[in-house]
Every structure is written in structure tokens, then in C-alpha cells.
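Residue numbers (this note's numbering), protein chains in the order written: chain A, 1 to 115; chain B, 1 to 114.
The structure under discussion appears below in the form of C-alpha cells.
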Amino acid sequence: AQKVTQAQTEISVVEKEDVTLDCVYETRDTTYYLFWYKQPPSGELVFLIRRNSFDEQNEISGRYSWNFQKSTSSFNFTITASQVVDSAVYFCALHVLYNTDKLIFGTGTRLQVFP
Amino acid sequence: DSGVTQTPKHLITATGQRVTLRCSPRSGDLSVYWYQQSLDQGLQFLIQYYNGEERAKGNILERFSAQQFPDLHSELNLSSLELGDSALYFCASSHSGGGQETQYFGPGTRLLVL
Numbered sequence: 001a002q003k004v005t006q007a008q009t010e011i012s013v014v015e016k017e018d019v020t021l022d023c024v025y026e027t028r029d030t031t032y033y034l035f036w037y038k039q040p041p042s043g044e045l046v047f048l049i050r051r052n053s054f055d056e057q058n059e060i061s062g063r064y065s066w067n068f069q070k071s072t073s074s075f076n077f078t079i080t081a082s083q084v085v086d087s088a089v090y091f092c093a094l095h096v097l098y099n100t101d102k103l104i105f106g107t108g109t110r111l112q113v114f115p
Numbered sequence: 001d002s003g004v005t006q007t008p009k010h011l012i013t014a015t016g017q018r019v020t021l022r023c024s025p026r027s028g029d030l031s032v033y034w035y036q037q038s039l040d041q042g043l044q045f046l047i048q049y050y051n052g053e054e055r056a057k058g059n060i061l062e063r064f065s066a067q068q069f070p071d072l073h074s075e076l077n078l079s080s081l082e083l084g085d086s087a088l089y090f091c092a093s094s095h096s097g098g099g100q101e102t103q104y105f106g107p108g109t110r111l112l113v114l
């Protein structure tokens, strides 16, 4: 069975702190895709990144970075120098290529960045 | 802006009623997905359509149905509504479906059943 675990329900930081959001996934398939989405207070789901299971290179996009480690089945997301606008719920999701086309979401981590 | 549109943004109705949620995918996308986000169940996949045909079904209740029209917009019909159906309903789209593609989400329809 496929599963995504985001053990951190809520994280609070002060602006400019670095913060890492954890994501652990389970699947027996060798081909799969991992995603992160952001849900700000306005409610929409904003795509952040997609990573396939054959590409373990870390990715950096501005203040955002992602660490994919197949050995630990983790796909963690780090925000460097956090800002108040980063306050949102962040979801990690899994898509197994040879399953239905659905995304399996974790329960989300609510990040609150205080000024 | 993801390019996926959903109407209405908010919907308040009573138990036992029927509502229709509408979704227009991004230009060129053939696949439409519906997800439900509730406090107790989190984000759950309901159903997927590809080019007018149902492709996959998730945890969709029998009281719920969906379709995708020739112009590729989709509608999710919820009937005999119960209090527990109150949730945020998202539509997403991708070009042709499959895990190698990103699903882009609309802003959601917030349904409140009283």
C-alpha cells in the first residue's frame, strides 16, 4: 500500500529562521513521483515541486530546497530564512506510476512564521 | 493562478439537497481530477476523467457523481447532502494524466451543508 506520513502537525518559527518539513513515504513500486504543495490561508493548493524516483539530486529554488533520499524514503522540504508569507499548510504527495492517477496526500504540516 | 477555474467559490445548502460544482481545466489539459478536503479525512481523491471518459475512481460516495463534457469542463454532482459532506472540493487538471505529470489545482469550492 502507498502512504505518505507528515509527522509534524504544526511548526512555529520566527521570521528568518530556517525550517524543515519532513515527509516520509511508503511504496513498493520503483517508479513513482513525489510532490509538495502549499495551501496558504486563502485555501488554494499551489504546486511547488515534482520529483521522480530516479532523480535523487537535491533541488534548490530560491529560499526553498528539497532533499530526496530513497534510502530513508524521505522527501524533506527546507525553507531558508523564513518569511511571514511562508505561513501555510504544506502537503507532501505521492503518485505511483502504475497505479491509478491519483495523488496520495500526507496530512499536511501547518507552518506559522511569526514576525 | 493555476489556470484551473472552479465555480462557485462558496456554497451553502441544506441537508438533503443537491448541488453541482463546476470545473474548467487548464487550456490543453485533457484530464480532470476531483478531490475532497475535510477536517477528518484530509485530502482524498474522488474521481478522474480523461477526455470525457471516467479513468479512475477513489473514495467517492454513491450519492456523488461526475462527468466531463466535450469541451472538457467537468461537473461534480453531490446529492442527498449530509452534514458530513461539508468540505473543500478541489478540481485539478493535467495534460493527459499519469504520474509523470503535475496536477494543477483550482481554487476550490467550499461547501457548507446546514
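The C-beta atom is built at its ideal place from N, Cα and C for all residues, glycine as well.
Since the structure is predicted, the reported quantities are computational estimates derived from the model, not experimental observations.
Item, Value
"Contact the region 18-34 of chain A vs the region 63-76 of chain A: 3+ CB pairs below 8 Å", "yes"
"Backbone secondary structure at B:G148 - three-state DSSP", "Nothing about residue 148 of chain B can be reported from this structure: the residues present for chain B run from 1 to 114 only."
"Other residues of its chain near A:Q57: CB distance less than 7 Å, five sequence neighbours each side excluded", "none"
"Buried versus exposed call for A:G108 [16 or more other C-beta atoms within 10 Å across all chains shown]", "buried"
"Those residues which DSSP pairs with A:K3 across a bridge", "A:E26"
"Any C-beta of chain B under 8 Å from that of A:T109", "no"
"Segment limits, beta strand (DSSP E) that includes A:H95", "88-96"
"Within-8 Å CB hit, A:Y64 to chain B", "no"
"Counterpart residues of A:N67 in DSSP-defined beta bridges", "A:N76"
"Residue from A:V14, A:V13, A:D29, A:E10 whose Cα sits closest to the Cα of A:A1", "A:D29"
"Three-way DSSP call (helix, strand, coil) for A:V84 in this model", "helix"
"Assigned secondary structure, B:V32 (DSSP; H/G/I helix, E/B strand, else coil)", "strand"
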